[in-house]
Structures are given as structure tokens and as C-alpha cells.
Amino acid sequence: MTGPRPAAVTASGWGWRHAGRRRWAVRNLDLSVPPGQRVLLLGASGAGKSTLMRGMAGVLGDQEDGEQTGSLLVDGRPPAQVRGRAGLVLQDPDAQVVLARVGDDVAFGCENLGVPRDEIWRRVDASLDAVGLQVARSHPSSQLSGGQKQRLALAGVLAMRPGLLLLDEPTANLDPEGAVEVRDAVLAAAGEATLVVVEHRVELWAAFMDRVIVLGEDGLIADGAPTEVFGRLAEELGAAGVWVPGAAAWRSPRPHATREAAPLLAAEGLAVGRRAAGSRMPRIVASGISLTVAEGRALAVTGPNGAGKSTLAMTLAGLLEPAAGRLRATGPLSAGLGPEPARWRSRQLLTRIGMVFQEPEHQLLTGRVRDELAVGPRALGLDDAAIAERVDPLLERLRLGRLAAVNPFTLSGGEKRRLTVAAALATRPRVLVLDEPTYGQDARTWRELADLIDEVRYAGTAVVFVTHDRELVDALADDCLPIGGMRVPEASR
Amino acid sequence: MSLPIADPAARISSFNPVAKLAATMVMTLTLLLSIDPVSAGVMLAFVLAALPFTGLGARMLWLRTWPLLIAAVLGAAATVLYGRPSGDSYLQWGLVQVTDGSLQLALAILLRVLAIALPAVVLLSTTDPTDLADGLSQLVRLPARFVLGALAGLRLVGLLIEDWRELSRARRARGVADRGRLRRFAGQSFALFVLAIRRGTKLATAMEARGFGASGARTWARPSVLRPRDAVLVLIAAAAATASATVALAAGAWTFVWAL
Chain A
5 MTGPRPAAVT ASGWGWRHAG RRRWAVRNLD LSVPPGQRVL LLGASGAGKS
55 TLMRGMAGVL GDQEDGEQTG SLLVDGRPPA QVRGRAGLVL QDPDAQVVLA
105 RVGDDVAFGC ENLGVPRDEI WRRVDASLDA VGLQVARSHP SSQLSGGQKQ
155 RLALAGVLAM RPGLLLLDEP TANLDPEGAV EVRDAVLAAA GEATLVVVEH
205 RVELWAAFMD RVIVLGEDGL IADGAPTEVF GRLAEELGAA GVWVPGAAAW
255 RSPRPHATRE AAPLLAAEGL AVGRRAAGSR MPRIVASGIS LTVAEGRALA
305 VTGPNGAGKS TLAMTLAGLL EPAAGRLRAT GPLSAGLGPE PARWRSRQLL
355 TRIGMVFQEP EHQLLTGRVR DELAVGPRAL GLDDAAIAER VDPLLERLRL
405 GRLAAVNPFT LSGGEKRRLT VAAALATRPR VLVLDEPTYG QDARTWRELA
455 DLIDEVRYAG TAVVFVTHDR ELVDALADDC LPIGGMRVPE ASR
Chain E
5 MSLPIADPAA RISSFNPVAK LAATMVMTLT LLLSIDPVSA GVMLAFVLAA
55 LPFTGLGARM LWLRTWPLLI AAVLGAAATV LYGRPSGDSY LQWGLVQVTD
105 GSLQLALAIL LRVLAIALPA VVLLSTTDPT DLADGLSQLV RLPARFVLGA
155 LAGLRLVGLL IEDWRELSRA RRARGVADRG RLRRFAGQSF ALFVLAIRRG
205 TKLATAMEAR GFGASGARTW ARPSVLRPRD AVLVLIAAAA ATASATVALA
255 AGAWTFVWAL
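Those protein sequence lines, which keep their order, are chains A and E.
Take the first sequence: its letter number 431 is residue 435 in my numbering, and every next letter is one higher.
Take the second sequence: its letter number 196 is residue 200 in my numbering, and every next letter is one higher.
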């Protein structure tokens, strides 16, 4: 099959401000991408990468949705007028599945573009092959793993035969193996099309790209071949929060507790699972887990998507009942209470086990950053003076001071993450459980979070973190517990 | 996770969803016109006689209908005790008054709820939402934007159930899950509302990026066609509706709801 004609992108003085925002998401952008070029688009959190991607895809909306300056054109025309020339794959696998069956979902874009029926199904099969998704057309899309869902989204876009392929952090939610699979599928299937990829993890893509563009607050910071940009500007880019391949890795600078450290939580033959809506028995996702969580030590839990890492984290944090086996709190952690964290009251958990969820938005309770930090101390019954004594230093330590009165929901991803970590620390728990603490963070926030977690551990807190991030494991962990060695098997066609 | 679940193996599943919807509506609307035991009884007898031909398992039917059965019985029992009194009185105790009229009304309600609910259960448990959307867009010509938007939104229901539980766990982790159940419920509902809007916005962007709402004509990958058997299904339903009304009229039992 002959590929679609590759598209060209030109921006001159382009800017976009979302409705209701004071700040411009993108400003003064001048850019020309010739047809067929493969571009890696970088920038710190909040630099406007996603806005630019949506702009090129023509889905930013009209004057009601925001204000535009200059021009952004695909093949010399406004992107919204040439729907189908650009195909966009987003970060969140769950947000992109439109229909219940795999084949129907891939066909959806073609239907919208008015492709004849016979041609649609030819394209559906070709696209599923191209991304290596070996399932039947009628396979339920809800039963795919995260990596498979991303490949499904890619297939849906490829079936539209776009000349411009836009990928906005397509592998951010995936385990390392899944990320490599999706990248290889992209490179194999992109053909002649122009390709623009946004990704924090630069080393995954850099070697396969013709050009690197770094977006700053005001236009471009850097633009050139990958080797040249990373060689010449490594330091500036690192400071701006861009992940530079080959940069020196950060390592915990503080002494670590020995193996004799006092144990706080011990699991033996533990099985974890969640109940499906309406069923009485939990569906076990991981079993046979034995571990010890000890004062001043950091335990990393790793494993592929769907292995049950988050479920284990919530079980350790006393938020889910163990499905089987034993989980016991010991020593000072259980003092005065029973040994099972899942039986403790919500308030009793506060000073014992703190949990930071993967999605910060699930955990935000108030309308102001400072109130958010005060939730825990207030539930403990502290008075205003004592609350201020705890909250104010945390605000400063995590660079949230100037945001104290801001609504937490309007913070950037990195700020939200720092806030939820700070909120868990405000009650000074003996055990801190973190679910993917560095997910989606730029290099600068990553270092801050890693340093903070290490500091908390050094102060005597037991830390458990669940992660795909190998660098974080190398930087912080005393112990590592890999779970679920089996990857989610793919159904055969 | 997505809602709802279809039983693709049942014989009735192979009919066009639009035909099934039309058949159900013909029967339901007829029954909604009158409140009398005769028309509902005839219809219920017909529905029960037709059930074996749908190919649905007895167990699955029972699982889906028992809540309705209980609701029907409770509704009927309340009507027996408190329904509008008329005719001979059998028992009177305070507000409770069991009369000929209330007994008849209760029977009518019991039969009616079952005769309306059973076809609806069959429709819902054997209809794939995607196929129904295809039919509504292509055959009934409802706007694709509306139908497909609703269809995609339906998929989010499963995600929102999981969101709700995650919100509950987060509140426990933050030390606020012990007290103020009512206030917490209100706060958590609002949080779910915010999450739902965010999920909806993301999904809308993803759909738009795939050309949804583009100006040109849309094509349909899955043709929704009506076959002779679909017409037969609707005709059978219409015949059952006519028969139930005719028998009720002949027996002098037919009572328009607005004449009550």
C-alpha cells in the first residue's frame, strides 16, 4: 500500500491562550517542519507542548475556547479545515477508547472522514497488523492492557492515513517493555508521514529522530539535530527540566539504615485484590507476597502494567483488606491498636501510614493549597498555631508558598504531585506509601521529589514506592520487590 | 469495564435492535394507556409464552427480573391496603381499607409492571449498545453526533464507578472518613462530578482528533439493515398489543388512565 502524502507544518508568531487563563500556553512560536521529518518536541512542564500538539491536530476549538495570535498551518491551511491530515495519539490510554469493540474503534476515524465501507475494513485490518495488535475485530477494547490500548489508539489514527502523526507522551503510562513495544510500533507504522513526538523520556526516542525542538516560555529554546542539541545545551536543558540522555544520574546523598532497622509492617504470603462492583470476593491480582517495611529504609515495588502494584500499595496503606495471607503492623506502628491496618479508623491511619495516590486529583479535598495541607493536622485535632507550625515550613520546602491561596485543581502536574506528597507528610506518618510518585514529571521536579523522599526516609520514615521508573529505584531504594513477572498475555486472533 | 452486558448467543440478539425497540415500545405504550387487569393479563400471558423463543437462559432472566418482581409485589400490596376504595369493603383499619376496587387495581398494577418490565429486560440484556446506536443513526436517522456521543459516554460509566471507590479510599487515607458521612458524601459526589467532566472533555478531544464532527458526510462501517424477520417481530408485538386491548374492551374492563 502506498502511504499518505506527508504533511508540512508552519507556525509564524503563533500563540494560544486558553479561555479564562491569564497566561499564554504558547507564545511567539516560529517553526517550519518539512514533510516527512521526524521531530522530538521537548520542554519543561507547562511549556505548552500539549497545546501545540492539539493546535496542529486542529482540536483546540474556536474563539470561545481560547485566543490565538499569528498562524499555525498544516499544508498551508488551518488544521481544523483539513481534518484527517493530522492524527493525534494522547497520553491516557483510557481516555481514547471510543467504542466497545477493537475493530469498531479503529474504524471510528475512517467513518468520520467518510471513507467507503469496504475500504474501512481493509484499513482496519492493515492498521491492526501494522501496530502488532493481534486480536480479533470483535475483541472487547476494555480488556486490553495499557500498552495494547495505546497501540489501539495508534491503529485508529493510522487508519485515517494521516500525513502528520502527532504523539503526545504516548508511552508515559506504560511499563518500560510496553513503552519500547509502542515506540517500535510507531516507527514501523509511521512510514513516510511527518512525525512529531512529545516525550519526557528522551532516550527512548532520540536516536530515531531527525530533529529536536525545545519549547520555552517564549518561543523555542533549542532546535537542531539530537546529538547537536543535547551536546551543546545539556546543562541549560537540564536546568529547564528537560530529560537529557546521558546526563549524570542523581543518587541518594544520605546514609542508609542497615538491615537491622526496626520493622513496622510485615507481609507473609499476602494476596491482594479489589472487589468488582457487586461481587463479594476480591479479584486477586498478585499473591505470595512477603516483605518487610522498616524504619528509615526505602522499598521499591516494580512490575509491569496490571501486575497489581497499586493494589499492593493500597493494601499496605490500610485502604484495602488483604485478599489472603497476613499483613501485620508491628512495634511502634501498631502501638495501642490491632495489628491489621485495614481495621484502623481513618484518623488512626494519619500518624501511622500516609498514602500518595497515582492520580493527585483523586485525593484533593479543598479549594486552597494551604487548606489542603491542613486537612490531616485538623483531623488530628491540632489547634491553628500547631497547624501553621507544620504547614508553613512544608509550603516553603516544596516551593508552594506563593501558591498558598490557589485552587489545587488549577496547579500544574508537578505542583499537584508536590502538594499531595506534602499533604501526606503534614501528619508525620511513620510509613509513607507512594504510587508512581515521579510519573509524568519533568527532570527538575523529579530531582526535587527524589530528594524529598530521600530526606523523609533519612529522618526515619519507612518509605514504600511503586514505580516503573528504573532511575528512581536506582536512586532511592534499599530493597526492591518485583511482582507479577508475567506480562498480560495477548489474546490470539 | 463497560456497561451494559449483552448476551450475544441468544436467538433474539440476532434481530435488529431498532426492531426490538419498536416491538417493546408498541407493547409498552399500549399497556400505558389503560389500567385494567385484563389487558395486562393477556399481554403478560403472551410475553411468558414468547420467552422460551428468545433463547435466553432461565437463570439469566431470573437474575435480572427478581428485583422487578419484588417491586411489583410491593406496589401491588400497597395498592391493596391504600388504593382508592370502591365496591365491597373487606377490611377497614385507620387509613387501611381493602375493597373490591383496591384489590382489582392491585392486580392490574402487578400484571402491568411485569408485562412492561419483562420485554424491557429482554431488550436490554440482548442488545449491544453499539448496534443500537448504529440502528438509531442509520435507520431512525437520529443525529450521529448525539447518538455516538451518548454511546461513547456510556463507556465512561464503568470508569466512574472505579473513580468513586478511589475517592473513598483517598478520603480514608486523608483521615476524614470517620465522621460526617452525609457531608462527605456531598463532597465526594462533587469531586466525582468534576472528574466526570474532565474524563468527558478528554474523550471529546480524542473523538474530535479522530475527525468526529468533521464537515463532510459520515460513512458507516457496520450497516444496520432491517430484514423480513424484523418486520415479523414488530407485527407480532403489534398483534399482541391489539389482542390485549380488544379482549379488554370486549370484557368491558378497558379504562383509560386519564378516566380514572
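No residue lacks a Cβ here, since even glycine has one placed at the ideal position from N, Cα and C.
Exercise. Within the same chain, show all residues whose beta-carbon is closer than 8 Å to that of glycine 113/A, passing over the 5 residues directly before and after it, in chain order.
Key: For the purposes of this step, residue 113/A is taken as the residue at position 109 of the first sequence. Taking C-beta separations shorter than 8 Å and ignoring five residues to either side along the sequence, the partners of glycine 113/A in its chain run Gly88, Gly91, Gly160, Val161, Ala163 and Met164, following chain order.
Quiz prompt | Helix, strand or coil at methionine 64/E according to DSSP, with G and I counted as helix | solution = Taking the second sequence and counting its residues from 1, one reaches residue 64/E at position 60. Helix.
Self-check item: CB contact check: serine 350/A to chain E, cutoff 8 Å
Solution: Start at 1 with the first residue of the first sequence, and residue 350/A comes out as number 346. Closer than 8 Å: yes.
Quiz item: Start and end of the beta strand (DSSP E) containing glycine 17/A?
Solution: As a position in the first sequence, residue 17/A is number 13, starting the count at 1. If you look at glycine 17/A, you'll find it in the beta strand (DSSP E) that goes 13 to 22.
Self-check item: contact_flag[the stretch 176 to 186 of chain E, the stretch 215 to 227 of chain E] where n(CB pairs < 8 Å) is 3 or more
Solution: No: fewer than three Cβ pairs fall under 8 Å.
Self-check item: Alpha carbon of glutamate 419/A to alpha carbon of leucine 55/E, nearest angstrom
Solution: Counting from one through the first sequence, the residue named residue 419/A turns up at place 415. Counting from one through the second sequence, the residue named residue 55/E turns up at place 51. Each residue's alpha carbon lies about 59 Å from the other.
Quiz item: Name the chain E residues whose beta carbon is nearer than 7 Å to that of glutamine 100/A?
Solution: By 1-based counting over the first sequence, the position of residue 100/A is 96. Within chain E, the residues near glutamine 100/A are Ala210.
Quiz item: In or out: threonine 209/E buried (at least 16 other Cβ within 10 Å) or exposed?
Solution: Here residue 209/E is taken as the residue at index 205 of the second sequence, counted from 1. When all chains shown are included, threonine 209/E counts as buried.
Self-check item: Through-space distance from arginine 116/E to leucine 109/E, alpha-carbon basis
Solution: Your numbering for residue 109/E matches position 105 in the second sequence. Your numbering for residue 116/E matches position 112 in the second sequence. Annotation: leucine 109/E to arginine 116/E spans about 10 Å, alpha carbon to alpha carbon.
Quiz item: Does any CB atom of chain A fall closer than 8 Å to the CB of valine 180/E?
Solution: Numbered from its first residue, the second sequence carries residue 180/E at position 176. Yes - at least one Cβ of chain A is within 8 Å of the one on valine 180/E.
Exercise. Output the distance between the C-alpha atoms of histidine 22/A and alanine 12/A, rounded to the nearest integer angstrom.
Key: What you label residue 22/A is simply residue 18 of the first sequence in a count that begins at 1. What you label residue 12/A is simply residue 8 of the first sequence in a count that begins at 1. Cα-Cα distance, rounded: 25 Å.
Quiz item: Would a check of beta-carbon distances place valine 119/A closer than 8 Å to chain E?
Solution: Start at 1 with the first residue of the first sequence, and residue 119/A comes out as number 115. Closer than 8 Å: yes.
Quiz prompt | Sheet register partners of arginine 279/A (DSSP bridge) | solution = For this step, residue 279/A is matched to residue 275 along the first sequence. DSSP lists Pro286/A as partners of arginine 279/A.
Quiz item: When you check each C-beta in the stretch 155 to 178 of chain E against every C-beta of chain A, which residues fall closer than 8 Å?
Solution: When C-beta distances to chain A are compared with 8 Å, the residues of the stretch 155 to 178 of chain E below that value are Leu155, Ala156, Arg159, Gly162, Leu163, Ile165, Asp167, Arg169, Glu170, Leu171, Arg173, Ala174, Arg175, Arg176, Ala177 and Arg178, in chain order.
Practice problem: Would you decide whether phenylalanine 57/E is buried or exposed? Buried here means 16 or more other CB atoms lie within 10 Å of its CB. | Solution: Locating residue 57/E in the second sequence gives position 53, where the first residue counts as 1. Exposed.
Quiz item: So which residues of chain E does aspartate 108/A contact, with C-beta pairs closer than 8 Å?
Solution: For the purposes of this step, residue 108/A is taken as residue 104 along the first sequence, with counting starting at 1. By Cβ distance, chain E contributes Thr134, Ala225 and Arg226.
Quiz item: Which runs of the alpha helix (DSSP H) fall wholly inside the stretch 160 to 241 of chain A and span at least 4 residues, in chain order?
Solution: Counting only runs of 4 or more, we get 180 to 193.
Quiz item: Closer than 8 Å, CB to CB, is arginine 203/E near chain A or not?
Solution: Taking the first residue of the second sequence as 1, we reach residue 203/E at position 199. At least one C-beta of chain A is nearer than 8 Å to the C-beta of arginine 203/E.
Quiz prompt | Per DSSP, cross-strand counterpart(s) of threonine 296/A | solution = Taking the first residue of the first sequence as position 1, residue 296/A is located at position 292. According to DSSP, threonine 296/A shares a beta bridge with Ala270/A.
Exercise. Below 9 Å between beta carbons is the criterion; list the residues of the stretch 363 to 377 of chain A that meet it against any residue of chain E, in chain order.
Key: Close to chain E, meaning a Cβ-Cβ distance shorter than 9 Å, are the following residues of the stretch 363 to 377 of chain A: Glu363, Glu365, His366, Gln367, Leu368 and Leu369.
Exercise. Could you spell out the range, first to last residue, of the alpha helix (DSSP H) harbouring aspartate 109/A?
Key: Locating residue 109/A in the first sequence gives position 105, counting from the first residue. Unbroken alpha helix (DSSP H) run through aspartate 109/A: 106 to 116.
Practice problem: Indicate whether aspartate 104/E and glycine 91/E have their beta-carbon atoms separated by less than 8 Å. | Solution: On the second sequence, position 100 is the one that residue 104/E refers to. On the second sequence, position 87 is the one that residue 91/E refers to. Closer than 8 Å, so yes.
Quiz prompt | Where the alpha helix (DSSP H) through serine 141/E begins and ends | solution = Counting from 1 along the second sequence, the entry for residue 141/E is found at position 137. From DSSP, the alpha helix (DSSP H) with serine 141/E extends over 133 to 142.
Exercise. Answer yes if the stretch 474 to 482 of chain A comes into contact with the stretch 188 to 207 of chain A, meaning at least three C-beta pairs across the two stretches below 8 Å, and no otherwise.
Key: Verdict: no, contact absent.
Exercise. Could you tell me which chain A residues have their CB closer than 8 Å to the CB of arginine 214/E, listed as they occur along the chain?
Key: Taking the first residue of the second sequence as position 1, residue 214/E is located at position 210. Contact of arginine 214/E with chain A by beta-carbon distance below 8 Å involves Gly91, Val102, Phe112, Gly113, Asn116, Gly160, Val161 and Met164.
Practice problem: Jot down the residue ranges of each uninterrupted beta strand (DSSP E) in the stretch 66 to 110 of chain A, minimum 3 residues, whole runs only, in chain order. | Solution: The qualifying runs are 70 to 78 and 90 to 93.
Quiz item: Once you ignore the five residues that flank methionine 5/A on each side, which residues in its own chain have a CB closer than 6 Å to its CB?
Solution: Position 1 of the first sequence, counted from the first residue, corresponds to residue 5/A. Annotation note: pLDDT 44 at methionine 5/A (below 50); position unreliable, no value reported.
Exercise. Could you tell me whether the stretch 229 to 238 of chain A touches the stretch 416 to 433 of chain A, using the rule of 3 or more Cβ pairs below 8 Å?
Key: Segment contact: the stretch 229 to 238 of chain A against the stretch 416 to 433 of chain A, fewer than three CB-CB distances shorter than 8 Å; contact not assigned.
Quiz item: Which one of Ala321/A, Pro326/A and Gly329/A has the shortest CA to CA distance from glutamine 352/A?
Solution: As a first step, residue 352/A is located in the first sequence; it is residue number 348 there, counting from the start. Each of Ala321/A, Pro326/A and Gly329/A was checked against the Cα of glutamine 352/A, and the nearest Cα belongs to Ala321/A.
Quiz item: How is tryptophan 224/E classed by DSSP in three states: helix, strand or coil?
Solution: Mapped onto the second sequence, residue 224/E falls at position 220. Look at tryptophan 224/E here: in three-state DSSP terms it is coil, with no helix or strand label.
Quiz item: Leaving out the 5 sequence neighbours to the left and right, which residues in its chain are closer than 6 Å to lysine 313/A when beta-carbon positions are compared?
Solution: Here residue 313/A is taken as the residue at index 309 of the first sequence, counted from 1. These residues qualify, in order along the chain: Val305, Gly307 and Val470.
Quiz item: Who are alanine 328/A's beta bridge partners in DSSP?
Solution: Counting from one through the first sequence, the residue named residue 328/A turns up at place 324. In the DSSP output, where bridge partners are listed per residue, alanine 328/A has Ala275/A.
Quiz prompt | Contacts of arginine 222/E in chain A (Cβ-Cβ under 9 Å) | solution = Taking the first residue of the second sequence as position 1, residue 222/E is located at position 218. Per Cβ cutoff of 9 Å: Glu115, Asn116, Leu117 and Gly118.
Practice problem: Write down the C-beta distance between leucine 331/A and leucine 241/A rounded to the nearest angstrom, noting that I regard them as a contact closer than 8 Å. | Solution: Here residue 331/A refers to the residue found at position 327 of the first sequence. Here residue 241/A refers to the residue found at position 237 of the first sequence. Wrong, their Cβ atoms sit about 44 Å apart, outside the cutoff.
Exercise. Let me know if threonine 262/A comes out buried or exposed under the rule of 16 or more other beta-carbons within 10 Å of its beta-carbon.
Key: Here residue 262/A is taken as the residue at index 258 of the first sequence, counted from 1. Exposed: under 16 other Cβ atoms inside 10 Å.
Practice problem: Indicate whether the contact test is met: 3 or more Cβ pairs, each with one atom in the stretch 13 to 31 of chain E and one in the stretch 120 to 127 of chain E, closer than 8 Å. | Solution: Yes: at least three Cβ pairs fall under 8 Å.
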